[in-house]
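Colleague:
Number of protein chains: 2
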Amino acid sequence: MSRDEMENILTSKGVKPTANRMLVLKELERSTHPVSLADLEKSLYPMDKASIFRVLDLFSEKDIIHAIEDGSRSLKYELCLGKAHHSLSAQHAHFYCEGCGSLECLEDVDLPSINIPEKYKVRSVNLMYKGICSKCNK
Amino acid sequence: MSRDEMENILTSKGVKPTANRMLVLKELERSTHPVSLADLEKSLYPMDKASIFRVLDLFSEKDIIHAIEDGSRSLKYELCLGKAHHSLSAQHAHFYCEGCGSLECLEDVDLPSINIPEKYKVRSVNLMYKGICSKCNK
DNA sequence: ATGTAATTGCAACCGGGTTGCAAAGTATTT
DNA sequence: AAATACTTTGCAACCCGGTTGCAATTACAT
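For the protein sequence lines, the chains are W and X, in the order given. With the first letter of the first sequence counted as 1, position 47 gets the number 477 in the working numbering; the numbers rise by one all the way through. With the first letter of the second sequence counted as 1, position 43 gets the number 473 in the working numbering; the numbers rise by one all the way through.
In structure tokens:
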């Protein structure tokens, strides 16, 4: 993704493209798997943890990323680009490996259709499979 | 549930029914919703947090309870009695209210059939809906 | 009874996440 | 360009749920 594209994404979401925000966005775009705050701290060193945290917070609020709880006791963040990620029905499932702690996206698993009682307003769905991944299962 | 029934559950799972364990089990059985460690600390006062923690840890390991991550930054625990809870296909979904922090079980939502790549060993599934519950949505 | 193992409570620790605040940077007005 | 107001950043400190080390107690076996 070009610098211009990144700036466009941010401004179109109402986020001023500061240096830090661009760096975080770039790193999220580079990663093939959802990443944790700690991951970003390493890859974006020497950017401060609090600064990264606030960028992630802002991005979440503006629907640029979404957070995933995989049970590892640290949130993972994932870019949600494209319309697919914005509609609830199209969110994808994740697989968390209890062996190596990796978190993968499962593109093939569809989320079940929702039949929630009246008056419940669903804002997000999270389908998490946990177990042992193919690498660890050898 | 009678005292004898509780003892049977524990011993049948290979857990010695100590006083603390019986108390935790009773409290879990009493609760209609999944409860957190902090919840149990209150309801089981003056039992120590670490003791409760270790009981929960043991119960999890022995498949007497299972933990749910609802995004509230504190795990919730739920008794899994009956075979239904033990087979992956029959685990139920949960709804977490971002308004009041309550966590409810959704009995009606079936978990999607699993078509995970070969060699992946699935040990648990967690389907979490988040949003606003009927009470808060008024 | 005596020795061994399991359980418990206390206190301290850990680590991810979060906040207060002052410094640095950016934009706006004169 | 200088002065002012607003935003963003880094540092340090804090919070809190969870976790562990250890000594005291309790249960079990010899």
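Don't be surprised by glycine CBs; every beta carbon is placed ideally from N, CA and C. These numbers were taken from a predicted model, which means no experiment stands behind them.
If we ignore side chains and look at the alpha-carbon of each, how far apart do residue 501 (chain X) and residue 436 (chain W) end up?
Modeller: The sequence position of residue 501 (chain X) within the second sequence is 71, counting from 1. The sequence position of residue 436 (chain W) within the first sequence is 6, counting from 1. Looking at the two C-alpha atoms, the distance is approximately 29 Å.
Colleague: Since residue 482 (chain X) and residue 445 (chain X) should fall inside the 8 Å C-beta cutoff, what is the C-beta to C-beta distance between them, to a whole number of angstroms?
Modeller: Taking the second sequence and counting its residues from 1, the one referred to as residue 482 (chain X) is at position 52. Taking the second sequence and counting its residues from 1, the one referred to as residue 445 (chain X) is at position 15. Residue 482 (chain X) to residue 445 (chain X), Cβ: 15 Å. No contact.
Colleague: Closest by CA to residue 521 (chain X), which one among X:555, X:439, X:530?
Modeller: As a first step, residue 521 (chain X) must be located in the second sequence, where it is residue number 91. In terms of CA proximity to residue 521 (chain X), X:555 leads the group X:555, X:439, X:530.
Colleague: At the 9 Å Cβ level, is residue 474 (chain X) part of the contact set with chain W, yes or no?
Modeller: For this step, residue 474 (chain X) is matched to residue 44 along the second sequence. Closer than 9 Å: no.
Colleague: Can you tell me the Cα-Cα spacing of residue 566 (chain W) and residue 536 (chain X), whole angstroms?
Modeller: Start at 1 with the first residue of the first sequence, and residue 566 (chain W) comes out as number 136. Start at 1 with the first residue of the second sequence, and residue 536 (chain X) comes out as number 106. Cα-Cα distance, rounded: 33 Å.
Colleague: What are the residues that DSSP puts in a beta bridge with residue 473 (chain W)?
Modeller: On the first sequence, position 43 is the one that residue 473 (chain W) refers to. Answer is none; residue 473 (chain W) lacks a bridge partner.
Colleague: With 9 Å as the C-beta to C-beta threshold (strictly closer), list the residues of the region 447-478 of chain W near chain X in chain order.
Modeller: none
Colleague: Please list the terminal residues of the continuous beta strand (DSSP E) segment that includes residue 508 (chain W).
Modeller: Stepping through the first sequence from its first residue, residue 508 (chain W) is reached at position 78. From DSSP, the beta strand (DSSP E) with residue 508 (chain W) extends over 506-509.
Colleague: Mind pulling the chain W residues with CB within less than 9 Å of residue 495 (chain X)?
Modeller: As a working mapping, residue 495 (chain X) is identified with position 65 in the second sequence. Going along chain W, no residue has its Cβ under 9 Å from residue 495 (chain X), so there is no contact; the nearest lies around 15 Å.
Colleague: List, in chain order, every chain X residue whose beta-carbon is nearer than 9 Å to that of residue 558 (chain W).
Modeller: In the first sequence, the residue the question calls residue 558 (chain W) occupies position 128. The contacting residues are 499, 554, 555, 556, 557, 558.
Colleague: So, does the CB of residue 564 (chain W) fall closer than 9 Å to a CB anywhere in chain X?
Modeller: Position 134 of the first sequence, counting from 1, holds the residue named residue 564 (chain W). It does: the Cβ of residue 564 (chain W) has a partner Cβ on chain X nearer than 9 Å.
Colleague: Going by alpha carbons, who is nearest to residue 424 (chain W) out of W:499, W:561, W:450?
Modeller: Since the displayed chain W opens at 431 and closes at 568, residue 424 (chain W) lies outside it and no answer follows.
Colleague: Would you report the Cα separation of residue 561 (chain W) and residue 491 (chain W), rounded to the nearest angstrom?
Modeller: As a working mapping, residue 561 (chain W) is identified with position 131 in the first sequence. As a working mapping, residue 491 (chain W) is identified with position 61 in the first sequence. Cα to Cα, residue 561 (chain W) sits roughly 30 Å from residue 491 (chain W).
Colleague: Beta-carbon of residue 550 (chain X) versus every beta-carbon of chain W: anything under 9 Å?
Modeller: What you label residue 550 (chain X) is simply residue 120 of the second sequence in a count that begins at 1. Yes, because at least one Cβ of chain W sits closer than 9 Å to the Cβ of residue 550 (chain X).
Colleague: At least one CB of chain X closer than 9 Å to the CB of residue 561 (chain W): is that the case?
Modeller: Reading the first sequence from its first residue, position 131 is the one you call residue 561 (chain W). Residue 561 (chain W) counts as touching chain X.
Colleague: With DSSP as the reference, identify every bridge partner of residue 525 (chain W), one or two as the case may be.
Modeller: Taking the first sequence and counting its residues from 1, one reaches residue 525 (chain W) at position 95. DSSP lists W:534, W:559 as partners of residue 525 (chain W).
Colleague: Closer than 6 Å by C-beta to residue 455 (chain W): which residues in its own chain qualify, once you throw out the five before and the five after it? Chain order, please.
Modeller: For the purposes of this step, residue 455 (chain W) is taken as the residue at position 25 of the first sequence. Taking C-beta separations shorter than 6 Å and ignoring five residues to either side along the sequence, the partners of residue 455 (chain W) in its chain run 436, following chain order.
Colleague: Specify, as a first and last residue, the run of the alpha helix (DSSP H) that residue 482 (chain W) falls within.
Modeller: Here the question's residue 482 (chain W) lines up with position 52 in the first sequence. Unbroken alpha helix (DSSP H) run through residue 482 (chain W): 479-491.
Colleague: Note the first and the last residue of the continuous beta strand (DSSP E) segment covering residue 495 (chain X).
Modeller: Position 65 of the second sequence holds residue 495 (chain X). Per DSSP, residue 495 (chain X) is one residue of the beta strand (DSSP E) stretching across 495-498.
Colleague: Cα separation between residue 505 (chain W) and residue 526 (chain X)?
Modeller: Here residue 505 (chain W) corresponds to residue number 75 of the first sequence, with the count starting at 1. Here residue 526 (chain X) corresponds to residue number 96 of the second sequence, with the count starting at 1. Put simply, the backbone Cα of residue 505 (chain W) is about 17 Å away from that of residue 526 (chain X).
Colleague: Quick check on DSSP: helix, strand or coil for residue 442 (chain W)?
Modeller: As a working mapping, residue 442 (chain W) is identified with position 12 in the first sequence. Of the three classes helix, strand and coil, the one that applies to residue 442 (chain W) here is helix, per DSSP.
Colleague: Nearest chain X C-beta to residue 489 (chain W) closer than 9 Å, yes or no?
Modeller: Position 59 of the first sequence, counting from 1, holds the residue named residue 489 (chain W). No, no contact with chain X.
Colleague: Using beta carbons (cut-off 9 Å, strictly below), is residue 528 (chain X) in contact with chain W?
Modeller: In the second sequence, counting from the first residue as 1, residue 528 (chain X) sits at position 98. Closer than 9 Å: yes.
Colleague: Using a Cβ cut-off of 8 Å, pull out every chain X residue sitting near residue 536 (chain W), in sequence order please.
Modeller: On the first sequence, position 106 is the one that residue 536 (chain W) refers to. Taking a Cβ-Cβ cut-off of 8 Å, the neighbours of residue 536 (chain W) in chain X comprise 546, given in sequence order.
Colleague: Give me the chain W residues within the contact set of residue 567 (chain X), using Cβ-Cβ distance strictly less than 8 Å, ordered along the chain.
Modeller: Along the second sequence, one-based indexing puts residue 567 (chain X) at 137. Neighbours of residue 567 (chain X) on chain W, chain order: 549, 550, 551.
Colleague: So, does the CB of residue 485 (chain X) fall closer than 9 Å to a CB anywhere in chain W?
Modeller: In the second sequence, counting from the first residue as 1, residue 485 (chain X) sits at position 55. Chain W contact via Cβ: absent.
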